[in-house]
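Participant: In our numbering, the protein residues as written are 42 to 361.
Ideal placement from N, C-alpha and C gives every residue a C-beta, glycine not left out.
Quick one: structure below, then a few questions.
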Amino acid sequence: VTAATGFVGSHVIDAFVEAGVPVRALVRRTSDTRRLERAGVALVEGALTDPASLRRATEDVAAVVHLAALTRARTEAEYHHVNADGTAVLARTMAETASAPRRFVYLSSLAAVGPAIDGRPVGPDDTPRPLTAYGRSKLAGEVALADVTELESVVLRAPAVYGPRDRDLYRFFKLAARGVLPLPAGAQRRLQLIHVRDLADALVRAAMTPDASGVLHVAEPTAYPWETVAAMIADAVGTRARILRVPAGVIAAAAAVSEGVARLVGQATIFNRDKARELLAPGWLCETDRAREILGFSAATPLADGLRQTARWYRDEGWL
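Next up, the structure:
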């Protein structure tokens, strides 16, 4: 498992350990590995840019679950270097060390295929139309993996992921706790999400289900308007947050300013013009039937329950 100390990775490790599956993790020298060590996970120190460490990590394993990715970067080249080139190097290394076909599970994103088309959920076979540099880099990672034909590859495209330990959607919980939630003004936008433990279940199934292959979309099948999500978050934190409607032009302008400031100080920011494009897209909807047919996977956590559970974790950990 790559990125095993991250938000999704930590839950994937939990799922494998609970299933009694021995796990090896590729970790950076600077990573906090105490949780992995307590779980009995074997550690290999290295990086996607270090082929020797990748050979040690992939030697004699039955499957790789590749989660490591940049979700914010200063340039498109930075995204591509990690999300596409890094995936290609890891897949080729696994193919070279393999004595028999082995499974490579790649966590991609709905950003790789793009938003809903005229309100219709996108399917795994639809022509990708990524809106952002991140989406294009994840799609390039999918293409790079498909080129390594010696491996059994499974690509899981996920929507926004939430749950305990998450720091991205956590911002919305903090705002709701303060009594206000900003949402884009204009036409109603709908989206699907997935609880991190459901995503971990899907990833474990992708690694262990015989004959699984191809591109699959994994999400809670229900689509929610942004307004409903906001109301559920407010309920989860115990407030009646006021919805603040923000015009699209204001969102785009604020994103451009945020991106410009980050560029001046040499840092990456998650709120940039690409993020504004995602927020203003007509909807993020996907077809999930194929994942159910191939993996037997259906998201088990309704959004309202998952948000309440997540808010409870934030309170218990002192985040709220």
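(1) Short of 7 Å in beta carbon distance, which residues of its chain neighbour residue 247, apart from the five on each side in sequence? Order them along the chain.
(2) Specify the secondary structure class of residue 353 as computed by DSSP and reduced to three states.
(3) Count the other CB atoms, across all protein chains shown, that sit within 10 Å of the CB of residue 315; report buried if there are 16 or more and exposed otherwise.
(4) What does the Cβ neighbour count give for residue 83, buried or exposed, with the cut at 16 atoms within 10 Å?
(5) For residue 255, which of 148, 325 and 47 has the nearest alpha-carbon?
(6) Report yes if the C-beta distance between residue 232 and residue 324 is below 8 Å; otherwise report no.
(7) Residue 302 and residue 49 - do their beta-carbons sit closer together than 8 Å?
(8) Can you confirm whether residue 181, when its beta carbon is compared against all beta carbons of chain D, has any partner nearer than 8 Å?
(9) For residue 136 versus residue 326, is the C-beta spacing smaller than 8 Å?
(10) Taking its Cβ as the centre, do 16 or more other Cβ atoms sit within 10 Å of residue 298, making it buried, or is it exposed?
(11) Among 354, 352 and 65, which has the Cα closest to the Cα of residue 103?
(12) Name, in chain order, the residues that DSSP records as bridge partners for residue 236.
(13) Would you call the CB atoms of residue 132 and residue 192 closer than 8 Å?
(14) For residue 186, which three-state DSSP category applies?
(15) According to DSSP, is residue 194 helix, strand or coil?
(16) I'd like the list of long-range same chain contacts for residue 175, defined as Cβ closer than 6 Å, with 5 residues on each side in sequence excluded.
(17) Please work out which residues of its chain come closer than 7 Å, Cβ to Cβ, to residue 345, disregarding the five sequence neighbours upstream and downstream, and give them in chain order.
(18) Assuming residue 320 is part of the alpha helix (DSSP H), what are its boundary residues?
(19) Quick one: residues in its chain with C-beta nearer than 6 Å to the C-beta of residue 308, no 5 flanking neighbours on either side, listed in chain order?
(20) Which whole runs of the alpha helix (DSSP H) in the region 44-77 are 4 residues long or more, in chain order?
(21) With three or more C-beta pairs closer than 8 Å as the rule, is the region 214-228 touching the region 74-82?
(22) Just to confirm my understanding: we take residue 127, look at its own chain, exclude 5 residues before and 5 after, and list those with CB closer than 6 Å. What are they?
(23) Could you tell me if residue 230 is buried or exposed, where buried requires 16 or more neighbouring beta carbons within 10 angstroms of its beta carbon?
(24) So, using beta-carbon positions, are residue 369 and residue 292 closer together than 8 Å?
(25) For residue 207, count the other beta carbons within 10 Å of its own beta carbon; 16 or more makes it buried, fewer makes it exposed. Which is it?
(26) Whole angstroms is fine: what's the gap from residue 281's alpha carbon to residue 265's?
(27) Leaving out five residues before and five after residue 227 in sequence, what residues of the same chain have Cβ atoms less than 7 Å from its Cβ?
(28) Under 8 Å, do residue 262 and residue 329 count as touching if we go by C-beta distance?
(29) Assuming residue 123 is part of the alpha helix (DSSP H), what are its boundary residues?
(30) If you draw a straight line from the alpha carbon of residue 271 to that of residue 334, how long is it in whole angstroms?
(31) Kindly provide the ranges of any alpha helix (DSSP H) runs that are 4 or more residues long and lie completely inside the region 239-304, ordered along the chain.
(32) List the whole-angstrom C-beta distance separating residue 294 from residue 172, where the pair is believed to meet the contact cut-off of C-beta under 8 Å.
Facilitator: Result, derived from the coordinates:
(1) 146, 195, 197, 253 and 336
(2) helix
(3) buried
(4) exposed
(5) 148
(6) yes
(7) no
(8) In summary, chain D is missing from the structure at hand, where a single protein chain is found.
(9) no
(10) exposed
(11) 65
(12) 203
(13) yes
(14) helix
(15) strand
(16) 120 and 152
(17) 273
(18) 314-321
(19) none
(20) 48-59
(21) no
(22) 89
(23) buried
(24) Residue 369 cannot be examined here, being either before or after the span of the chain that is shown, 42 to 361.
(25) buried
(26) 19 Å
(27) 289
(28) yes
(29) Run containing residue 123: none; DSSP gives neither H nor E here.
(30) 32 Å
(31) 267-278
(32) The pair is not a contact, with the Cβ atoms about 18 Å apart (cut-off 8 Å).
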